[in-house]
Amino acid sequence: MSIMQTTDLRGNPEAASFAIPRATMSVASASEAVAEIIADVRTRGTEAVLDATERFDGIRPSALRVPAEELERAWAEAPAALCEAIQISIERVTAGHRAQLPTAVSTEVAAGAVVRQEYFPVRRVGLYAPGGLAAYASSVIMNVVPAQVAGVESLAVVSPPNRDTGLPASSVLAACAALGVTEVYAMGGAQAIAALAYGLPESVAGAALESVDVITGPGNVFVASAKNLVRGDVGIDAVAGPTEIMVIADASANPATVAADLLSQAEHDPNAASVLVTDSGQLAAAVQTELAARVGATQNEARARVALGADHSRIVLVDDLDTALRISDRYGAEHLEIMTLNSREVASRVRNAGAVFVGAWSPVSLGDYCAGSNHVLPTSGTSRFAAGLNTSTFLRPVQFIDYSEDALREVAPHAIAFAKAEGLPAHGEAVAARFE
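Its first residue numbered 597, the sequence shown is counted upward by one per residue in this note's numbering.
In structure tokens:
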């Protein structure tokens, strides 16, 4: 029984140009409804957030701000294994992101002519932790750590409330507590993005929610649409689509491992994409067999079956790894696994991917939690021009120009020549005036 469809491109001279379909999730389709929610939040503030929360999450919290004692309780009551996992993840993700910090650069382009670039963190950020089909304590870590490493002084985390407790998932609260984040709000969806972007007055929010400078974090189509609509008033990391994994594998790969990795992403969402590109027909057949055995035993079987059987998930057969790499670069996967002989050499030839997982011992699941990398990555082919969440998301490079009198005198004729050529004589006069 075939769980995934197969596209056989062997012997096809146009194979390298094959475009793998993607799930149809139009942010634009949600824009009208989301725009109304955003406008309502801007007009009515906290009451609009509560109304939307009651409508979409089935509960009207008594307060949006999560009390400090609830954060403390979540950490105290979390299973020991989860606490240890959170701490290890924080340590490794912190180390990985500290290595990303840029250093100030000062360049003397001529005697007495210095251009310096320094980096400053944004002052305040809003971080979104999803809570729909699953609650992601890991997303709290992936968003908070790079902001803290960058030096952001003010952080607010938002996550949808559970209809039984009126609070975000306890694992999300535990992660916030472990990271020292005290400003946490029980709200999600477009209303949470609007609240972060434009702020909320003091009322049942528990205190005034100050607007932020940057919003990051993954979410559903309504969250993505809201981030897209507030972009410009605030900075955002990206407008994310459904999660996706591509595996490039040859006959040396273990079919059970490949199948497990494809299934790991398919359980996220019916729109999740799982793609295998291989030059081995034998491996392809064995992976189908493994998937058939595994999918029925997984907790999230229903949505995994839909995702694996969808048009955007498939096994692609090619003649060689060169073709596989060209298809991969065209696709630009969020997560790309290389499971081949000489996997490091093959991985060195990748150009477009959100993150590359090299070899049989580097599964995507590791990157989701505690590899030391970030799991907020570009989707929908945007890895061709975008990067995953990192410390630079929260940093602004600022240039300082420091010239002496002699340095300006030397270059003044050239600046004046540009000004004349561009029909902006006052620009040149601003230079010349200094020597009159």
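Glycine included, every Cβ here is placed at the ideal spot set by N, Cα and C.
Predicted model only: the values in this text are computed from it and were never measured.
query: Close beta carbons around Cys679, own chain, < 8 Å, minus the five adjacent residues each side; result: Trp671, Ala770 and Ala774
query: Proximity of Ala820 and Val623 at Cβ, strictly below 8 Å; result: yes
query: Run of the beta strand (DSSP E) containing Phe1014, from where it starts to where it stops; result: No beta strand (DSSP E) holds Phe1014; the alpha helix (DSSP H) holding it covers Glu1001 to Ala1017.
query: Per-residue DSSP class, three states only, for Leu805; result: strand
query: Classification of Leu937 by the beta-carbon crowding that lies within 10 angstroms, buried from 16 upward; result: exposed
query: Option in Glu1018, Gly641 and Cys966 with minimal Cα separation from Ala733; result: Cys966
query: Proximity of Pro764 and Val780 at Cβ, strictly below 8 Å; result: yes
query: Buried versus exposed call for His1010 [16 or more other C-beta atoms within 10 Å across all chains shown]; result: exposed
query: Beta-bridge pairing of Leu937 - partner residues as DSSP gives them; result: DSSP lists no partner for Leu937.
query: Exposed unless 16 or more other CB atoms sit within 10 angstroms - verdict on Val705; result: exposed
query: Thr812, enclosing beta strand (DSSP E) - first and last residue; result: Val810 to Thr812
query: Reduced DSSP secondary structure (H/G/I, E/B, other) of Met842; result: strand
query: Given Gly815 as reference, the closest of Arg720, Gly828, Arg992 and Ile832 once Cα atoms are compared; result: Ile832
query: Stretch-stretch touch, CB-based, cutoff 8 Å, three pairs: the stretch 691-699 with the stretch 718-726; result: no
query: Cα-Cα separation, Leu792 to Ala868; result: 28 Å
query: Coil, strand or helix - Gly955 by DSSP; result: coil
query: Three-way DSSP call (helix, strand, coil) for Pro657 in this model; result: coil
query: Identity of the residue in Ala676, Ala635, Ile682 and Met738 nearest Ser969 by Cα; result: Met738
query: Residue environment, Asp685, which counts as buried when at least 16 other CB atoms sit within 10 Å; result: First, the amino acid is wrong: residue 685 is Ser here, not Asp. Ser685 comes out buried.
query: Endpoints, beta strand (DSSP E) assigned at Asp604; result: Gln601 to Asp604
query: Pairwise C-alpha distance: Gly828 and Asp647; result: 26 Å
query: When Ala782, Val741 and Glu863 are compared against Pro657, the one with the closest alpha-carbon; result: Ala782
query: Proximal residues to Val777 (C-beta, below 7 Å), its chain only, five neighbours per side dropped; result: Val740, Leu751 and Val753
query: For Leu932: DSSP bridge partner residues; result: Met842 and Val952
query: Straight-line gap, Glu930 to Ala619 (C-alpha atoms, nearest Å); result: 13 Å
query: Counted within 10 angstroms of its Cβ, other Cβ atoms place Arg947 as buried (16 or more) or exposed; result: exposed
query: Per-residue burial, Lys823 [other beta carbons within 10 Å of its own, 16 or more giving buried]; result: buried
query: Ser944 classed as buried or exposed, judged by whether at least 16 other C-beta atoms fall within 10 angstroms; result: exposed
query: Residue from Arg712, Ala1028 and Ala786 with nearest C-alpha to Lys1016; result: Ala1028
query: DSSP state of Ala995 mapped onto helix, strand, coil; result: Looking at the sequence itself, residue 995 is Gln, so the reference to Ala does not match. It is a strand residue.
query: Where Gly795 sits in the DSSP three-state scheme; result: coil
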